[in-house]
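Presented below is the structure to which this report refers.
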Amino acid sequence: MNHEDLLALLGKMTLKEKVGQLVQLDGGCFGAGDMSTGPREKLGVTQEDVDVCGSVLNVLGAEEVRRIQDTYLERSRLKIPLVFMADVIYGYQTCYPIPLGLGATWDPDLIRDDYRLIAGEAVADGCMVTFSPPVDVVRDARWGRCLEMPGEDPYLSSRFATAMVEGFHGDGAPERSIACCVKHFAGYGAPEAGREYNTVDMSEWRFRNEYLAPYKAAVDAGCELVMTSFNTVEGIPATANKWLMDDVLRGEWGFDGPVITDYAAVAELIGHGVAANAREATRLAMNATVDIDMKTPCYAHELEGLVADGEVSMEQVDAACLRVLELKNKLGLFENPYRTCSPERRVEVTCSPERLASARKTCGEALVLLKNEGDVLPLDAGEDGPRVALIGPYANSRDIIGMWAIHADKSRSVTLADAFEEVLGPERFGWAKGCETLDDYSELGDFGKYVGITSGVDDGPSADELETEALALAAAADVVVMALGEHMLQSGEGGARTDITLPAPQKRLLARVRELGKPVVLVLFNGRPLALTDVLDDCDAVLEAWFPGTAGGRAVADVLFGDVNPSGRLTVSFPHNVGQEPLYYAQFSTGRPAKGSAHSGRFVSRYMDAPNEALFPFGYGLSYHTARYENLCVGTGSLRAGEKLRVSVDVTNESQVAGIEVVQLYIHDVAASRVRPMLELRDFARVELAASETRTVEFEIGEDQLRFWTPEHAWASEPGSFEVFVGPNSRDLLAGSFELI
Ligand code: BGC
Numbered sequence: 002m003n004h005e006d007l008l009a010l011l012g013k014m015t016l017k018e019k020v021g022q023l024v025q026l027d028g029g030c031f032g033a034g035d036m037s038t039g040p041r042e043k044l045g046v047t048q049e050d051v052d053v054c055g056s057v058l059n060v061l062g063a064e065e066v067r068r069i070q071d072t073y074l075e076r077s078r079l080k081i082p083l084v085f086m087a088d089v090i091y092g093y094q095t096c097y098p099i100p101l102g103l104g105a106t107w108d109p110d111l112i113r114d115d116y117r118l119i120a121g122e123a124v125a126d127g128c129m130v131t132f133s134p135p136v137d138v139v140r141d142a143r144w145g146r147c148l149e150m151p152g153e154d155p156y157l158s159s160r161f162a163t164a165m166v167e168g169f170h171g172d173g174a175p176e177r178s179i180a181c182c183v184k185h186f187a188g189y190g191a192p193e194a195g196r197e198y199n200t201v202d203m204s205e206w207r208f209r210n211e212y213l214a215p216y217k218a219a220v221d222a223g224c225e226l227v228m229t230s231f232n233t234v235e236g237i238p239a240t241a242n243k244w245l246m247d248d249v250l251r252g253e254w255g256f257d258g259p260v261i262t263d264y265a266a267v268a269e270l271i272g273h274g275v276a277a278n279a280r281e282a283t284r285l286a287m288n289a290t291v292d293i294d295m296k297t298p299c300y301a302h303e304l305e306g307l308v309a310d311g312e313v314s315m316e317q318v319d320a321a322c323l324r325v326l327e328l329k330n331k332l333g334l335f336e337n338p339y340r341t342c343s344p345e346r347r348v349e350v351t352c353s354p355e356r357l358a359s360a361r362k363t364c365g366e367a368l369v370l371l372k373n374e375g376d377v378l379p380l381d382a383g384e385d386g387p388r389v390a391l392i393g394p395y396a397n398s399r400d401i402i403g404m405w406a407i408h409a410d411k412s413r414s415v416t417l418a419d420a421f422e423e424v425l426g427p428e429r430f431g432w433a434k435g436c437e438t439l440d441d442y443s444e445l446g447d448f449g450k451y452v453g454i455t456s457g458v459d460d461g462p463s464a465d466e467l468e469t470e471a472l473a474l475a476a477a478a479d480v481v482v483m484a485l486g487e488h489m490l491q492s493g494e495g496g497a498r499t500d501i502t503l504p505a506p507q508k509r510l511l512a513r514v515r516e517l518g519k520p521v522v523l524v525l526f527n528g529r530p531l532a533l534t535d536v537l538d539d540c541d542a543v544l545e546a547w548f549p550g551t552a553g554g555r556a557v558a559d560v561l562f563g564d565v566n567p568s569g570r571l572t573v574s575f576p577h578n579v580g581q582e583p584l585y586y587a588q589f590s591t592g593r594p595a596k597g598s599a600h601s602g603r604f605v606s607r608y609m610d611a612p613n614e615a616l617f618p619f620g621y622g623l624s625y626h627t628a629r630y631e632n633l634c635v636g637t638g639s640l641r642a643g644e645k646l647r648v649s650v651d652v653t654n655e656s657q658v659a660g661i662e663v664v665q666l667y668i669h670d671v672a673a674s675r676v677r678p679m680l681e682l683r684d685f686a687r688v689e690l691a692a693s694e695t696r697t698v699e700f701e702i703g704e705d706q707l708r709f710w711t712p713e714h715a716w717a718s719e720p721g722s723f724e725v726f727v728g729p730n731s732r733d734l735l736a737g738s739f740e741l742i
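Per my numbering: the sequence shown ends with 742, consecutive numbering throughout.
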């Protein structure tokens, strides 16, 4: 359809039909026959509302999508197809590592390719729009949704945001692309004390400097929708925040697509206490140019009355409705209301060999080696290699896809035990669960029981039996690999924790195994940075596996047995203890820094009982090779706007193993009109090094990379001295300097 046809269609629509396009309902309301009555009544919408509704939430399955679309179109006066939107965050059926792991690859090009494959798999089964990428900057490990994000750094997250959007779009062919929706706009990653849905409040300059960039990157890359976040921004919930949605997003950034709320967020304006009732909530959201009301009856029931009373104009409704129609048109739904979804295509692409291979490769890059004392890793898989005991709740668990892979079939995941057996054969390897994941599963609540992934402690062997079996296995082995971690439901939405250490029964088991005196390798499964201080001494090596996804077992084995030399680097700081949170590398200078202050001893900015720094800092990760960084050169030492300053460093592989270095460049604005972080990532390069090879790695710094949100409310750089740092992580850095003139 061309634009005129769309306008003509809009002209034919009744107000109720226009409002319908602004309403999103879930699959329950579209159930066959009488099946929809209960869900409709529960939500408080009528069959009439469903008959004009514009989009469907989280229904996937080629047959079901076709059935719903057919039934809907049969009843529809103007035959405007539904658009199906769903959460496909880091994989559909082929699950990649959780985004914290994707971030750890520091490889946006690879992730772009992965997201192309994700799009192809999802579209075949009916997904037209995905609520992804989530790119909230995460700086507090207590927050459960750290899992979903690429990390704590705005620059790095922006690079991933761009790559993910480009990947979802692929080459634009309907069978290989889906539309996407960046979220959660904005600042959702900064809830006070890490508590889910809690208040977010920060100054505008900080919001702009540190939180907005990744969303903007997604918008600039052409993402079609933006989702409002649950939190407040300057005391006004994002869903009612006209400044954020209309002035910043649409006005400053030029975004002209639909804005959709997060789940039930219009009705939650009442809970926030900014609206007295559904009518007021609807008015506030509409006036903030929020177009689609996800999963509440507010727009469906209140908008017509607001238009009749002149509190919302017909032009506003038309503009919102047109944005939705334009999206449907862009997706080609008026020509083909199913896009390319079909059961046959699904069979072709679901978990195809190409996808499984890419998930395994990416996972290999996502794993982060945190400790490797005495080079206990890699393990020798050859015939003369060690006998391996694999112990822990994750030894043979398929719950390794993470909490947000909601559409995936976890039975497809390859467990560690599956993979170890492939590598070692049954003679040199055995596994045991060893203990329960948690002492008490009740903190997981009903949700755990509902999704069927909590295991009851009552129906299996007793704790003593589990431990005895595991210790006997460990005693007979040469090396013990412990597969431990958070329960899959302890992270993700609603997964805030104040204790971010390993669950108690697993720590007890690890300590008992340690007493046997064998080399111990810890493989961690978790959806957030953990505080590992109390378990580090109990292991010789630690491999951070996140929730590694469908190919997880194989990828972990690839690294443990040396087929892959780990190159993953953290994109979130791992604290010594939870009291350091929120913890991030880009700390500000203070008047009394811990190091270099004129004040001594007590009266500087520090903790009495813990270091200021992370236990494992941003950018950190080990490999099986070691590298030397030297000869940092900072071009001419001065930079003018419009010019580039060349920065170079020599990186040498000091070992006989080929490997990848993630060379990181940070800057520090020494004196500015606002305090600036002591370090800010500005560029990085993944560099492959053959054994003993030296490479000169070059970067260019431009004036635009030195800008920040100034007291004059503008993006600008300020002349003066800058420090520049290059190294393998945010702690071990070579330093240089230059002047911006
Ligand atoms: C989450 C969103 C998600 C939406 C729809 C909400 O609870 O916050 O990230 O896209 O549900 O499933």
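Cβ coordinates follow ideal geometry from the N, Cα and C atoms, glycine included.
In this structure, Asp27 has its beta carbon at no less than 6 Å from each heavy atom of the ligand BGC.
Not one heavy atom of the ligand BGC sits closer than 6 Å to the Cβ of Asp137. Under the DSSP definition of a beta bridge, Gly431 partners with Ala390. By the CB criterion at 7 Å, Val514 and Leu417 fall outside the cutoff. Taken in chain order, the complete beta strand (DSSP E) segments of 3 residues or longer contained in the segment 462-508 are 480-486. Relative to the ligand BGC, the nearest heavy atom lies less than 6 Å away from the CB of Phe132.
Residue environment: His714 is assigned as exposed (fewer than 16 neighbouring CB atoms within 10 Å of its CB, all protein chains considered). Per DSSP, reduced to three states, the secondary structure at Tyr667 is strand. For the ligand BGC, a non-hydrogen atom lies closer than 6 Å to the CB of Asp88.
About 5 Å separates the beta carbons of Ile261 and Met228, which is inside the 8 Å limit, making them a contact pair. Per the Cβ contact rule, the segment 723-741 is in contact with the segment 613-620 (3 or more Cβ pairs under 8 Å). For the pair Ala552 and Leu584, the CB atoms are not nearer than the 7 Å cut-off. Closest in C-alpha terms to Pro678, from the list Val698, Gly236, Ser590 and Ala477, comes Ser590. Closest by C-alpha distance to Val46, out of Glu582, Lys296, Glu211 and Glu305, is Lys296.
DSSP places Trp244 in the helix class (H, G or I) of the three-state scheme. Between the alpha carbons of Ala222 and Ser158 lies a gap of roughly 13 Å. As for any alpha helix (DSSP H) of minimum length 4 sitting wholly inside the segment 229-302, the runs are 269-273 and 279-288, ordered along the chain. Just measuring C-alpha positions, the residue of Pro100, Ala33, Ala120 and Val89 sitting nearest Gly569 is Pro100. Taking the Cα of Thr637 as reference, the smallest distance to any Cα among Ser738, Asp419 and Asp447 is reached at Ser738.
Taking the C-beta atoms as reference points, Gly528 is found no nearer than 7 Å to Leu103. By the 16-neighbour rule on beta-carbons within 10 angstroms, Gln657 is exposed. With respect to the 7 Å criterion, Val664 and Val688 are classified as neighbours on the basis of their beta carbons. Residue environment for Ser314: exposed (fewer than 16 other C-beta atoms within 10 angstroms of its C-beta). Buried is the label assigned to Ser359, since at least 16 other Cβ atoms lie within 10 Å of its Cβ. In the DSSP assignment, Ala214 falls outside any beta strand (DSSP E) and within the unbroken alpha helix (DSSP H) covering Ala214 to Asp221.
Straight-line spacing of the CA atoms in Val275 and Ala301 works out to 20 Å.
Residue pairing from DSSP places Tyr630 in a beta bridge opposite Val652. A direct Cα-to-Cα measurement between Asp6 and Leu323 gives close to 11 Å. Under DSSP, Val124 forms no beta bridge with any residue.
The three-state reading of DSSP puts Arg696 in strand, counting E and B together. Per DSSP, reduced to three states, the secondary structure at Ala715 is coil, with no helix or strand assignment. A distance below 7 Å separates the beta carbons of Pro98 and Cys364. Ala409 and Cys96 do touch by the CB rule: their CB atoms are close to 5 Å apart, below 8 Å. Contact check between the segment 44-58 and the segment 27-36: three or more CB pairs, one atom from each, fall below 8 Å, which counts as touching. In the three-state scheme derived from DSSP, where H, G and I count as helix and E and B as strand, Gln70 is classed as helix.
By a beta-carbon distance limit of 8 Å, Val325 contacts Ile293. Their separation comes to about 7 Å.
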